[in-house]
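Peer 1:
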């Protein structure tokens, strides 16, 4: 089934205890698209500036990712982020960030994408998320991500968005900020009152938590002995989850659980190397194998 | 089978966002003993001072806990701890601590306990832990806990202890401190090199991690919407784990996994109320039921 992702596309410079990579491809939509493309064809919508080197997207060659929604905007500059995990592998320290094209209007969703049934609105301004959502014809499953910036500064618009999506993905700190609840289960229940049918709280190295009206589900992260670059882990997780969900057609709790496990496994590849190299190193067969290992590692 | 626990017995004053309890029973050996007594008869070894009110132990009435190793030491005072979770439910702030009897010699293990096959050396000075261990005849499974104080100040003695135990239980911060490895899987592997056949790293609200030579196992905490008092969660976890293990006779990875899940479930009762009230509110039948619910909540 058709899976659409809208989100950021960036040129990243990343420092971790394992080294430094300059001007590599990044951004929420890129990680999401690559991760979900192991499961289903993906439609990518995003904007870059005229400074963006064409060979930046070479890593997407051969993937089932339709880049016709990729806008090269004249007179604009590409989103750039320079982050460091040298001090703490669990939290990026932003050294410089230039929103550039991300601070402008939303990219246009191409007409041929408007009937997409599965939609992931990666983190951006909630007004833009709503605009993009409204332009879609009859999406079957809409999941969004958000961040502390919008929770603090665009609370009302974010609340409006939440009334119109099926699922929300956010991290633990954001969930606490949005709901003013310290306990994550309580926070998740509070998010459900705001509209979404399910909420997934990402806890980084501690895994994730999913709540729906009738179910609470917790998953540890895949036990990884070496984390090289955590950038994009959350977006890859969402990509694996949505990629799998879009092949299923139903959103029962058990389907969502399996999807979260796929998200967890896909993210474990992302963090094993810099930028997209971890995802490039794997295949659907390896993902399926690790998914079974992971399932086994938790069964008792 | 006979399960022996040595550790602290204390008079606690506890403050949490849910209220304050003064002069309630606490200490690692007490939580451990109560938690493990759902599974097997327990032998408790510990010391209190002459200030200890006799009715403090009333909560143990009717439990299969042999208190003949409980020493009422004349001229000594009972260990007292006053802690607060008002600021952070995940980390106790110690307001006052009086080691008292804990700073004296180790309690004597009664002759009739010396052939105990299953032993838990709850957190105390590693020299005392070694002394108590040496006095035992032929233990089949010895598991110890420790803390940052000994890791920092008694590193050599702790290392000596580690050579002679089967399992080590410690929290994430302690594991990182002991091994100087940030990644917890790497830290666990490092602990295995120090002697233990398996190591369990407790991550509080994020569950636990177990490593043995051939296995890595991760478990999330039981999803609890309301945590009233986290005191004793780690000792109850160890109690549930060891209580179950001592009924099994084998220590295969799959047995240890089931044991960790029992520890997780027992600890979920501990944190649901102050002091021992959470454990007092449950039964083996309820624990088994929750164990199955927990298993179900994670299966996919």
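Protein chains in written order, with this note's numbering: chain A, 210 to 509; chain B, 210 to 509.
Just so it is clear, CB atoms sit at the ideal spot from N, CA and C, and this is done for glycine as well.
At a Cβ threshold of 8 Å, is residue 412/B touching chain A?
Peer 2: Position 203 of the second chain holds residue 412/B. At least one chain A Cβ lies under 8 Å of residue 412/B.
Peer 1: Have a look at the DSSP bridge pairing and note the partners of residue 213/A.
Peer 2: As a position in the first chain, residue 213/A is number 4, starting the count at 1. DSSP lists 252/A and 328/A as partners of residue 213/A.
Peer 1: I want to verify the contact list: residues of chain A whose CB lies under 9 Å from the CB of residue 394/B, in sequence order.
Peer 2: Taking the second chain and counting its residues from 1, the one referred to as residue 394/B is at position 185. What residue 394/B touches in chain A: 432, 433, 434 and 435.
Peer 1: Would residue 501/A count as contacting chain B if we go by Cβ distances under 8 Å?
Peer 2: Here residue 501/A refers to the residue found at position 292 of the first chain. No, its Cβ sits nowhere closer than 8 Å to a Cβ of chain B.
Peer 1: Compute the distance between the beta-carbons of residue 257/A and residue 291/A, then report whether it is under 8 Å.
Peer 2: Here residue 257/A is taken as the residue at index 48 of the first chain, counted from 1. Here residue 291/A is taken as the residue at index 82 of the first chain, counted from 1. No. Outside cutoff.
Peer 1: Look up residue 229/A in the DSSP assignment and say whether it is helix, strand or coil.
Peer 2: Residue 229/A sits at position 20 when you count from the first residue of the first chain. Residue 229/A falls in the strand class under three-state DSSP.
Peer 1: Can you tell me whether residue 473/A is buried or exposed? The criterion is at least 16 other CB atoms within 10 Å of its CB, across all chains shown.
Peer 2: As a first step, residue 473/A must be located in the first chain, where it is residue number 264. Per the 10 Å Cβ criterion, buried.
Peer 1: Of the residues that make up the segment 443 to 472 of chain A, which ones have a beta carbon closer than 8 Å to any beta carbon in chain B?
Peer 2: Hits within the stretch, in order: 463, 466, 467, 469 and 470.
Peer 1: What number of angstroms, rounded off, separates the C-alpha of residue 361/B from the C-alpha of residue 354/B?
Peer 2: As a position in the second chain, residue 361/B is number 152, starting the count at 1. As a position in the second chain, residue 354/B is number 145, starting the count at 1. Residue 361/B and residue 354/B: Cα-Cα distance of roughly 15 Å.
Peer 1: According to DSSP, is residue 280/B part of a helix, a strand, or is it coil?
Peer 2: Working through the second chain from its first residue, we reach residue 280/B at position 71. Residue state, collapsed to three classes: strand.
Peer 1: With 8 Å set as the bound, which would you pick, yes or no: does the beta-carbon of residue 425/A sit closer than that to a beta-carbon of chain B?
Peer 2: In the first chain, residue 425/A corresponds to position 216, counting from 1. So yes, residue 425/A belongs to the interface.
Peer 1: Taking only runs of the beta strand (DSSP E) that begin and end inside the segment 282 to 364 of chain A, which ones reach a length of at least 3 residues, in chain order?
Peer 2: List check, beta strand (DSSP E) in window: 288 to 293, 302 to 307, 327 to 330 and 350 to 354.
Peer 1: Taking only beta-carbon atoms, is residue 286/A less than 8 Å away from chain B?
Peer 2: Start at 1 with the first residue of the first chain, and residue 286/A comes out as number 77. By this cut-off, residue 286/A is not an interface position.
Peer 1: If the cut is a Cβ gap below 7 Å, which residues of chain A does residue 429/B touch?
Peer 2: Stepping through the second chain from its first residue, residue 429/B is reached at position 220. The answer, in chain order, is 416, 427, 428 and 429.
Peer 1: Could you check the C-alpha separation between residue 223/A and residue 289/A for me, to the nearest Å?
Peer 2: Indexing the first chain from 1 puts residue 223/A at position 14. Indexing the first chain from 1 puts residue 289/A at position 80. The alpha-carbon atoms of residue 223/A and residue 289/A are separated by roughly 11 Å.
Peer 1: Below 8 Å on the Cβ atoms is my contact criterion, and I expect residue 320/B with residue 274/B to pass it. Report the Cβ-Cβ distance as a whole number of Å.
Peer 2: Reading the second chain from its first residue, position 111 is the one you call residue 320/B. Reading the second chain from its first residue, position 65 is the one you call residue 274/B. Their Cβ separation, rounded to whole angstroms, is 19 Å, which puts residue 320/B and residue 274/B out of contact at 8 Å.
Peer 1: Helix, strand or coil for residue 485/A? Go by DSSP, reduced to three states.
Peer 2: Within the first chain, numbered from 1, the residue matching residue 485/A stands at position 276. Three-state DSSP puts residue 485/A in coil, outside helix and strand.
Peer 1: Keeping to the same chain, check which residues put their C-beta closer than 6 Å to that of residue 457/B; ignore five residues upstream and five downstream.
Peer 2: Residue 457/B sits at position 248 when you count from the first residue of the second chain. Result list for residue 457/B: 464, in chain order.
Peer 1: If the criterion is Cβ atoms closer than 8 Å, does the pair residue 213/B and residue 276/B meet it?
Peer 2: Residue mapping note: residue 213/B aligns to position 4 of the second chain, counting from 1. Residue mapping note: residue 276/B aligns to position 67 of the second chain, counting from 1. The answer is no: Cβ separation not under 8 Å.
Peer 1: Using only CA atoms, which one of 234/B, 216/B and 372/B lies nearest to residue 252/B?
Peer 2: As a first step, residue 252/B is located in the second chain; it is residue number 43 there, counting from the start. Considering only alpha carbons, the answer is 216/B.
Peer 1: I need the straight-line Cα distance from residue 193/B to residue 454/A, nearest angstrom please.
Peer 2: The displayed coordinates of chain B run from 210 to 509. Any statement about residue 193/B would go beyond what the structure contains.
Peer 1: So, residue 244/A versus residue 443/A, is the Cβ gap smaller than 8 Å?
Peer 2: Here residue 244/A is taken as the residue at index 35 of the first chain, counted from 1. Here residue 443/A is taken as the residue at index 234 of the first chain, counted from 1. Contact: no.
Peer 1: Compare the C-alpha of residue 298/B against each of 386/B, 248/B and 438/B and name the closest.
Peer 2: Numbered from 1 along the second chain, position 89 holds the residue referred to as residue 298/B. Nearest of 386/B, 248/B and 438/B to residue 298/B, Cα basis: 438/B.
Peer 1: Since residue 298/A meets chain B, which of its residues come closer than 7 Å, beta carbon to beta carbon?
Peer 2: For the purposes of this step, residue 298/A is identified with residue 89 of the first chain, where counting begins at 1. Neighbours of residue 298/A on chain B, chain order: 391.
Peer 1: Using a C-beta cutoff of 8 Å, does residue 504/A count as contacting chain B?
Peer 2: Sequence index remark: in the first chain, residue 504/A carries index 295 (1-based). Yes, because at least one Cβ of chain B sits closer than 8 Å to the Cβ of residue 504/A.
Peer 1: For residue 382/A and residue 370/A, what's the separation of their Cα atoms in angstroms?
Peer 2: Here residue 382/A refers to the residue found at position 173 of the first chain. Here residue 370/A refers to the residue found at position 161 of the first chain. Using only the alpha carbons, I get a separation of about 19 Å.
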